[in-house]
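Some notes on the structure that comes next.
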Amino acid sequence: HFRRPPLVRKALPVHKQVLMDLCHHRRASSPADQLRAANYSLLLFFSLISLVYLLIDPAAAADDGTETASFSVFRNKIIEAPLNGGHRRLDSISPSLRGNPYMTDDPKSSPFRILYVVTTFYSQGRWRNILVPNIRAVTESVSVAGWDMDVVVIVGNEGPTPTDRKALEDALPRDAALEIWENACALGYEKTKEKVSCITRVLARQHRFVVADRKDEYDFFACWEDDMRFDAGTIRYYLELSAEIDRLSNAAAPDLKTDPDAIDGPMSPQQLQRVVPGFIRVEVVRGRAMNGVKTGIEPDREVATNWVPDASRCCSVPDWDTRLPRDPKGSELMTWECRIHGMSVRLFPEPIGWAAMIPGPRHMPEEEVIGSRWAGASGAFGFDKKPQERDPQLFAQQGGWMATREQVLYFDKACPEGFLPPFKNDRLRKHGMDPSQPHNVEFWSGGYQLFGTCNIQRIMSLDPARFSGHLLYHSSNNKQNMVNPKRHVRVSD
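Here you go:
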């Protein structure tokens, strides 16, 4: 998937005989030849200087050198060739499919470009059984949709073997570029250790350096843990709902005063700019095991509906993938860290309508607070106080995130410590490496930073026809065996 490009695109017009004379220290035969030789010597000298300059990463000389220098190793050592050249900005994409400004059906337009970043620790079993099938399924789906997707795999340790690397290369569409950043685990000092070691909890941070380096080359970014599966339909729905939010924001009165306690009515641009489509992770539970999964409603409450989610939106698998359950039903979907107890609801302006507000944001400026009604406000759950916004059993960790380029740039402004490196050290000490501030995978990847400290509000449409677009398949399918069964909840409830 890589073809090393020439370092110099166009050869310098150096006369072969003069170059030979210079190499062999021959004396030019005439003053004109001496002048010509001197000129070509200068050309050769400045060409070498230019080449050295191209090989040097200027970011490596940043303030403390720690983070940018580590990423320069990724850029200079691991990347064998630049990804496909050229890109288009989202604001240049003509309106098209279903009025979505992020996509186009114009056959003459350049393809929609996506960067897919996967983070993992290498082991042969996990690479072959989880990572490769997931990347293959995602990239095949995106290729069928007519979009371009390049892949970066961040590996915290040594690996993969040549055989496993080739297996991944063979799984990708022909036009997909692949980069593997090995030994990406950041080095530092943990509080209880006296020597430099790999800080595994920071591995989930490394995708931010990749996005920062490539933010101008792609239209869309999808950064996920290795066992999260999605497809082109997931991206399309995310873009559709994002476009609806953008249109509402653009049409809103900039000086609109809103009531932070209102659960409907007009919304300001300041409120809407913080809203993004959200996801919850699900697994497929088969047979008798499903009998032990409780409903999301208290036992003494009745569920007056026969609705079940559309499992094909999240959890269908290709014919070649024999590891995962075939043709799952909506009644077989289970989640474990998302319940109605933590949700609030709001009636958004049309066309969004009623939506659930996933927990996370707090301490927001009053003018940006989005009013909503907690699902338990009437005492339906037997207690009258809403759980904390960052209750780990209700927060709905996503296992990653996806966003347009414009959304990524807004995240970077909205986050007090910044979303992309270099981070603001007054809020995120030592770029997240300080052992007294032990941020882990749930902070960087699961969403505690983006949907917590950055106050980005996730929503889920309560339209039965759209709700299933918010489900993501946790393809390890192992939480049903690892998490306390008391936390298992049927998605249909």
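Residue numbers 58 to 550, in our numbering, belong to the letters of the sequence shown in order.
Ideal Cβ placement from N, Cα and C applies to all residues, glycine included.
If you're wondering where the values come from, they're calculated on a predicted model, not measured in any experiment.
Asked, Found
"Inter-residue spacing [alpha-carbon to alpha-carbon] between Glu446 and Met421", "13 Å"
"Within 7 Å, strictly: CB atoms of Thr548 and Pro366", "The sequence given here places Val at residue 548; Thr does not occur at that position. Yes, these two residues count as a Cβ contact at 7 Å."
"8 Å contact criterion, which Phe266 and Pro478 should meet: CB distance rounded", "6 Å"
"Host beta strand (DSSP E) of Met413 (start-end)", "In the sequence on display, residue 413 carries Ala and not Met. Start and end: 410-414."
"Three-state class that DSSP yields for Phe128 in the structure shown", "Below a pLDDT of 50, predicted positions are generally treated as unreliable, and Phe128, at 34, falls in that range; the measurement from the model is reported next regardless. Three-state result, Phe128: helix."
"Touching by the beta-carbon criterion (3+ pairs, under 8 Å), the stretch 283-301 and the stretch 447-460", "yes"
"Environment of Thr291 [buried if 16+ CB atoms lie within 10 Å]", "buried"
"Coil, strand or helix - Gln514 by DSSP", "strand"
"Selected residue, minimal CA-CA separation from Trp501, among Cys255, Glu236, Cys280", "Cys280"
"Spatial neighbours of Arg484 in its chain, beta-carbon cut-off 7 Å, leaving aside the 5 residues before and after", "Pro473, Glu474"
"Rounded separation between Ser299 and Arg523 - CA only", "13 Å"
"Option nearest Phe405 by Cα separation, candidates Cys255, Ala319, Tyr179, Thr220", "Ala319"
"Contacting residues, own chain, Cβ-Cβ under 6 Å from Val268 (five flanking each side not counted)", "Phe278"
"Neighbourhood of Cys395 by C-beta, 6 Å cutoff - its chain only, sequence neighbours within 5 removed", "Ile337, Ala453"
"Asn538 versus Gly213 - alpha carbon distance", "26 Å"
"Bridge partners - Trp501, DSSP secondary structure assignment", "Its beta-bridge partners do not exist; DSSP assigns none."
"contact_flag[the stretch 304-321, the stretch 365-380] where n(CB pairs < 8 Å) is 3 or more", "no"
"Residue range of the unbroken beta strand (DSSP E) whose run includes Ile237", "235-238"
"Whole-number beta carbon distance between Tyr173 and Val195, since they are thought to touch under 8 Å", "6 Å"
"Per DSSP, cross-strand counterpart(s) of His531", "Met285"
"First and last residue of the uninterrupted alpha helix (DSSP H) at Ser401", "No alpha helix (DSSP H) holds Ser401; the beta strand (DSSP E) holding it covers 401-405."
"Nearest residue (CA-CA) to Phe169, options Thr176, Asp205, Ala460, Asn186", "Asp205"
"Inter-residue Cα distance where the pair is Asn535 and Pro416", "24 Å"
"Phe178 versus Val199: straight-line alpha-carbon distance, rounded", "25 Å"
"Opening and closing residue of the beta strand (DSSP E) in which Thr392 lies", "390-392"
"7 Å CB neighbourhood of Arg271 in its chain, flanking five on each side removed", "Leu172"
"Collapsed DSSP secondary structure at Cys280 in the structure displayed", "strand"
"Bounding residues of the beta strand (DSSP E) (the contiguous stretch that carries Leu172)", "170-177"
"Where the beta strand (DSSP E) containing Arg271 begins and where it ends", "No beta strand (DSSP E) holds Arg271; the alpha helix (DSSP H) holding it covers 264-271."
"CA-to-CA distance, Val342 to Cys372, given in whole angstroms", "12 Å"
"Local Cβ density within 10 Å of Pro542, reported as buried at 16 or more and exposed below that", "exposed"
"Ile192 (DSSP reduced to helix, strand or coil)", "helix"
"Identity of the residue in Val175, Pro444, Trp364 nearest Ser388 by Cα", "Trp364"
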